[in-house]
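Student: Protein chains in written order, with the numbering used here: chain D, 302 to 614; chain Z, 57 to 310; chain A, 303 to 603. From the three backbone atoms N, C-alpha and C, an ideal C-beta is built for every residue, glycine too. Because the structure is a prediction, the values reported are computed rather than measured. Shown below is the structure under consideration.
Right, here's the structure in full:
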């Protein structure tokens, strides 16, 4: 395969999973919500896109509607789980992802069931693979930029301060006037919408979806991205997405050149597992440290200048 | 006569079969420092948590400013201006001291999702004022040198001070303080109460649980005494000191 | 549609027995270590593969294979706790970290199994081709295999043994005390670590036994445990986390609900693949209505 085309393909994937990683970072990094069913919302976006584009909606509407449908699903799942402990939310979300995959697998009517379905691409194929990928990189970058901007604005505002407070101690935050159920539901919806958007982009880029593309593995990969890159740091989420994607591709390439006693397909996931446990044990804050709230007013008050001095002194 | 700010009527709360608070009724009127004392386990903290909506009382009602707040969520009660500082500090340890203060600000426009995304100008001015206000309060409790440190880096006493400072940040009508002077040096403890006294002039009322009776009795305008979940005495500090029931409760403890 | 109700009830007991054996370990470690161990699914899978391996290599029959598998997987469970979760918890990891670590562990185990054996399904009938385990008996309306009888017997034996351990022995009392109030247990001189280690050992060992039965009844592949993770978690939640007696009741309730649910699914013309959806439904309803599960019914005053 042409190395340039391959590199462009990697970039598209980094962009798409960068969006999912940002969304999980909003949930877990900033708000402390353990969404173990991330793939469910990615799936919802992908299948919504496939279904809507078949009716003939223009692509931007497909993407937006897909994101909104994911948001609604996120809201529904948040209803029973958000008032409860972190572990319940994790179990419910994980189970939800499995059920959703089960439904699209069992119902041929939705999108071909087990056989999957072809999805019309946004950019019609004009004969040049290069142009097709470049166009997709353009689209994905715009979406990624918007999501990144949203994540940055949110985390660097009093709103970001409130969700961090809820993450730290939700009882104290509640006693300080923060309606934790409302904040959590908002974050969950917003993040689900982002994941749904990424799902739509994914479906149209690959031009095909089937239930086996949405295994719990996806959720776990995104968790690695966030934990490795640095929770509560949007740059960290992007860095993590890039590193994990490159690692995945790297092992796939290595497979062709190295004679390993273990099948690289298995080895890759074993290494992911080992990596995450090492990060949790030895560097739980990830590569990049948590970024603190920055607002204009805070900068005027001298934040950023004196932190460095305080740390030394 | 001053207005009744907090009205508690026949409030009971039990855990398992044990009554932590049993049929307590009391009033806190506008202005001044109101004390609540009693031996360990007499139900003071449970009563506070019930007022705040963290516990739902089994019986009885709580009124604030004339409104029944028994069934409100803690954040709604906070919104009305009834604020609390926890006995054991519950700070946001991964956040800076200043951020801890700013979280507590009541009615910050930037707390809303849409404002944080699209209308950032709307709250920048407010944020600036709030920062100034936090700095003043932090200066008062001698934390102005740690403004940008993480709350997790503070010492035990400093954490306690920040907890109290955070309560003040909300400009509450009534601030519940659970042992504000515990774990900090006596001079600073005295100073905190002085500060509270000064703040009373701005229309803030304080309802304080405190084990350091000598400080509390110096500043309090009225004192309630609880024992075994019930209210057993009340009066001016001088009366309480002379009240035999009060001594019995404390001596009974050991 | 004619429904053979005695068969449905019998199947429910079989399903419930499997879930009970699978969930007891989860609920005990969940209650004691305070996080759900998602790698529990892989302990189940591991049991199926290890028993397949030892039975194949050493030409063992079901019972000795079962005992050896219990011991090996139990040891692995203990090592996983000792090597990963205990250091994490000591280092101040929160519940989310522990959950993520357990998922990571699950992946390590699952793909190691995939690498060591294969992703192609294996069948116990290859190891025990002449065994009477799969022979059918017809008793009245019921169709029964020996394997199912063994499964029910194992569940009953487990219930009795665990009950005796929890009530009569010192270590059992320690487990219950630690589960309901760790600080008090610590104050009363119980070595909490040893209690937790033992629980992880027993928990993983029991999961392995569930894996053997599941594997013998269907197939063995790296997802054997993951295939039943939803009902197993539903049992733990419905039974009340950490509550052994609650989980017995919950296992059979969910077994019954699934078997009746399958009939209902057939009746309305839906795919029977939705079977696991029933467990999910029970899980959600429990969390909304009564997050403490059935534990209330089994707590002595």
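Listed in chain order, which residues of the region 394-410 of chain A have Cβ atoms closer than 9 Å to some Cβ of chain D?
Tutor: Residues 394, 395, 396, 397, 398, 399, 400, 401, 402, 403, 405, 406, 407, 408, 409 and 410.
Student: Check residue 310 of chain Z in the structure and name its three-state DSSP category.
Tutor: Walking along the second chain from the start, residue 310 of chain Z turns up at place 254. Note that residue 310 of chain Z scores a pLDDT of 44, beneath 50, so its modelled location is shaky; the value from the coordinates is reported in the next line. Here residue 310 of chain Z sits in coil by DSSP.
Student: Rounded to the nearest angstrom, how far is the Cβ of residue 510 of chain D from that of residue 420 of chain D, given a contact under 8 Å?
Tutor: Here residue 510 of chain D corresponds to residue number 209 of the first chain, with the count starting at 1. Here residue 420 of chain D corresponds to residue number 119 of the first chain, with the count starting at 1. Contact holds; Cβ gap of about 6 Å.
Student: Give the residues from the region 410-423 of chain A that approach chain D closer than 7 Å (Cβ to any Cβ), ordered along the chain.
Tutor: Answer set for the region 410-423 of chain A: 410, 413, 414, 416 and 417.
Student: Which word fits residue 581 of chain D, buried or exposed, when buried means at least 16 other C-beta atoms lie within 10 angstroms of its C-beta?
Tutor: Position 280 of the first chain holds residue 581 of chain D. Burial call: buried.
Student: Which of the three DSSP states, helix, strand or coil, is assigned to residue 296 of chain Z?
Tutor: Translated into the one-based positions of the second chain, residue 296 of chain Z becomes position 240. In this structure, residue 296 of chain Z counts as helix in the three-state DSSP scheme.
Student: How would you write the range of the beta strand (DSSP E) that residue 382 of chain Z sits in, first residue to last?
Tutor: Because chain Z in this structure spans residues 57 to 310, residue 382 of chain Z falls outside the shown range and cannot be described.
Student: Among D/571, D/514 and D/583, which one has its Cα closest to the Cα of residue 403 of chain D?
Tutor: Start at 1 with the first residue of the first chain, and residue 403 of chain D comes out as number 102. The shortest C-alpha separation from residue 403 of chain D is found at D/514.
Student: So which of Z/155, Z/303, Z/291 and Z/117 has the shortest CA-CA distance to residue 598 of chain D?
Tutor: On the first chain, position 297 is the one that residue 598 of chain D refers to. Of the candidates Z/155, Z/303, Z/291 and Z/117, the one whose C-alpha sits nearest the C-alpha of residue 598 of chain D is Z/155.
Student: On the criterion of 16 or more Cβ atoms from any shown chain inside 10 Å, does residue 326 of chain D qualify as buried, or is it exposed?
Tutor: Numbered from 1 along the first chain, position 25 holds the residue referred to as residue 326 of chain D. The residue in question, residue 326 of chain D, is buried, as its Cβ has 16 or more Cβ neighbours within 10 Å.
Student: Is the beta carbon of residue 309 of chain D less than 8 Å from the beta carbon of residue 390 of chain D?
Tutor: Here residue 309 of chain D corresponds to residue number 8 of the first chain, with the count starting at 1. Here residue 390 of chain D corresponds to residue number 89 of the first chain, with the count starting at 1. It is not a contact, given that the beta carbons lie outside the stated cut-off.
Student: Residue range of the alpha helix (DSSP H) that residue 254 of chain Z falls in?
Tutor: One-based indexing of the second chain puts residue 254 of chain Z at position 198. Here the alpha helix (DSSP H) through residue 254 of chain Z covers 242-256.
Student: Check distances from the C-beta atoms of the region 110-122 of chain Z to those of chain D and list, in chain order, the residues that come in under 8 Å.
Tutor: Listed by position, the residues of the region 110-122 of chain Z near chain D (Cβ gap below 8 Å) are 110.
Student: In the region 579-594 of chain A, which residues sit with their C-beta less than 7 Å from some C-beta in chain D, listed in chain order?
Tutor: Within the region 579-594 of chain A, the qualifying residues are 579, 582, 585, 586, 589, 590 and 593.
Student: Looking only at C-alpha atoms, which of A/587, A/560, A/572 and A/589 sits nearest to residue 578 of chain A?
Tutor: Within the third chain, residue 578 of chain A is the residue found at index 276, counting from 1. Per the Cα distances, A/560.
Student: Which chain A residues are close to residue 524 of chain D, counting only those with a beta carbon under 9 Å from its beta carbon?
Tutor: Residue 524 of chain D sits at position 223 when you count from the first residue of the first chain. Within chain A, the residues near residue 524 of chain D are 402, 405 and 406.
Student: Identify, in the order they occur along the chain, each residue of the same chain with its Cβ nearer than 6 Å to the Cβ of residue 401 of chain A, setting aside the five sequence neighbours on each side.
Tutor: Position 99 of the third chain, counted from the start, is the residue given in the question as residue 401 of chain A. Around residue 401 of chain A: 337.
Student: Per DSSP, what are the beta-bridge partners of residue 415 of chain D in this structure?
Tutor: Within the first chain, residue 415 of chain D is the residue found at index 114, counting from 1. In the DSSP output, where bridge partners are listed per residue, residue 415 of chain D has none listed.
Student: Near residue 409 of chain D, which residues of its chain fall below 7 Å by C-beta distance, leaving aside the five closest residues on each side in sequence?
Tutor: Working through the first chain from its first residue, we reach residue 409 of chain D at position 108. Once the five neighbours on either side are set aside, residue 409 of chain D has no close Cβ partner at all.
Student: Taking a cut of 9 Å between CB atoms, which residues from the region 151-168 of chain Z lie near chain D?
Tutor: Flagged, chain order: 151, 152, 154, 155, 156, 158, 159, 160, 161, 162, 163, 164, 165, 166, 167 and 168.
Student: Spell out the partners DSSP gives residue 82 of chain Z in its beta bridges.
Tutor: Against the second chain, residue 82 of chain Z aligns to sequence position 26. Beta-bridge pairing links residue 82 of chain Z to Z/64.
Student: Mind checking whether residue 539 of chain A and residue 589 of chain A have CB atoms under 8 Å apart?
Tutor: For the purposes of this step, residue 539 of chain A is identified with residue 237 of the third chain, where counting begins at 1. For the purposes of this step, residue 589 of chain A is identified with residue 287 of the third chain, where counting begins at 1. Yes.
Student: Would you call the region 346-366 of chain D and the region 465-478 of chain D touching, i.e. three or more CB-CB distances under 8 Å?
Tutor: They do not touch, by the three-pair rule.
Student: Residues of chain A with CB closer than 8 Å to the CB of residue 406 of chain D, please, in chain order.
Tutor: For the purposes of this step, residue 406 of chain D is identified with residue 105 of the first chain, where counting begins at 1. 575, listed in chain order.
Student: Please go through the same chain and pick out, in chain order, the residues whose beta-carbon is closer than 7 Å to the beta-carbon of residue 442 of chain D, but skip the five residues on each side of it.
Tutor: The residue given as residue 442 of chain D occupies position 141 in the first chain. Excluding residues within five positions, the ones whose Cβ falls inside 7 Å are 316.
Student: Return no unless some Cβ of chain D is closer than 8 Å to the Cβ of residue 386 of chain A.
Tutor: To locate residue 386 of chain A, count along the third chain from 1; it is residue 84. Closer than 8 Å to some Cβ of chain D, the Cβ of residue 386 of chain A qualifies, so yes.
Student: With a threshold of 16 other CB atoms inside 10 Å of the CB of residue 488 of chain A, please say whether the residue is buried or exposed.
Tutor: Numbered from its first residue, the third chain carries residue 488 of chain A at position 186. Residue 488 of chain A should be labelled exposed.
Student: Give me, in chain order, the residues of the same chain whose beta-carbon lies closer than 7 Å to that of residue 387 of chain A; leave out the 5 immediate sequence neighbours on both sides.
Tutor: Counting from one through the third chain, the residue named residue 387 of chain A turns up at place 85. So the list reads 335, 400 and 403, once near-sequence residues are dropped.
Student: Can you name the start and end residues of the alpha helix (DSSP H) that residue 519 of chain D belongs to?
Tutor: To locate residue 519 of chain D, count along the first chain from 1; it is residue 218. Taken as a continuous stretch (DSSP letters only), the alpha helix (DSSP H) holding residue 519 of chain D covers 517-530.
Student: When the cut-off is 8 Å and only beta carbons count, does residue 277 of chain D lie next to chain A?
Tutor: The first residue shown for chain D is 302 and the last is 614, placing residue 277 of chain D beyond what the model contains.
Student: Checking 8 Å against the spacing of the C-beta atoms, do residue 373 of chain A and residue 353 of chain A come in under that value?
Tutor: Numbered from its first residue, the third chain carries residue 373 of chain A at position 71. Numbered from its first residue, the third chain carries residue 353 of chain A at position 51. No, the Cβ-Cβ distance between residue 373 of chain A and residue 353 of chain A is not below 8 Å.
Student: Should residue 396 of chain D be flagged as near chain A, meaning a C-beta pair shorter than 8 Å?
Tutor: Locating residue 396 of chain D in the first chain gives position 95, counting from the first residue. At least one chain A Cβ lies under 8 Å of residue 396 of chain D.
Student: Would you kindly report the start and end of the unbroken beta strand (DSSP E) that includes residue 438 of chain A?
Tutor: One-based indexing of the third chain puts residue 438 of chain A at position 136. Residues 438-441.
Student: Report yes if the CB atom of residue 364 of chain D is closer than 8 Å to the CB atom of residue 498 of chain D, and no otherwise.
Tutor: In the first chain, counting from the first residue as 1, residue 364 of chain D sits at position 63. In the first chain, counting from the first residue as 1, residue 498 of chain D sits at position 197. Closer than 8 Å, so yes.
Student: Using a C-beta to C-beta distance shorter than 7 Å, which residues of chain A count as neighbours of residue 470 of chain D?
Tutor: By one-based count along the first chain, residue 470 of chain D stands at place 169. Near residue 470 of chain D there are no residues of chain A at all, since even the closest Cβ is about 12 Å away, more than 7 Å.
Student: With the cut-off set at 8 Å, would you say residue 248 of chain Z and residue 225 of chain Z are in Cβ contact?
Tutor: What you label residue 248 of chain Z is simply residue 192 of the second chain in a count that begins at 1. What you label residue 225 of chain Z is simply residue 169 of the second chain in a count that begins at 1. Result no, Cβ atoms of residue 248 of chain Z and residue 225 of chain Z do not sit closer than 8 Å.
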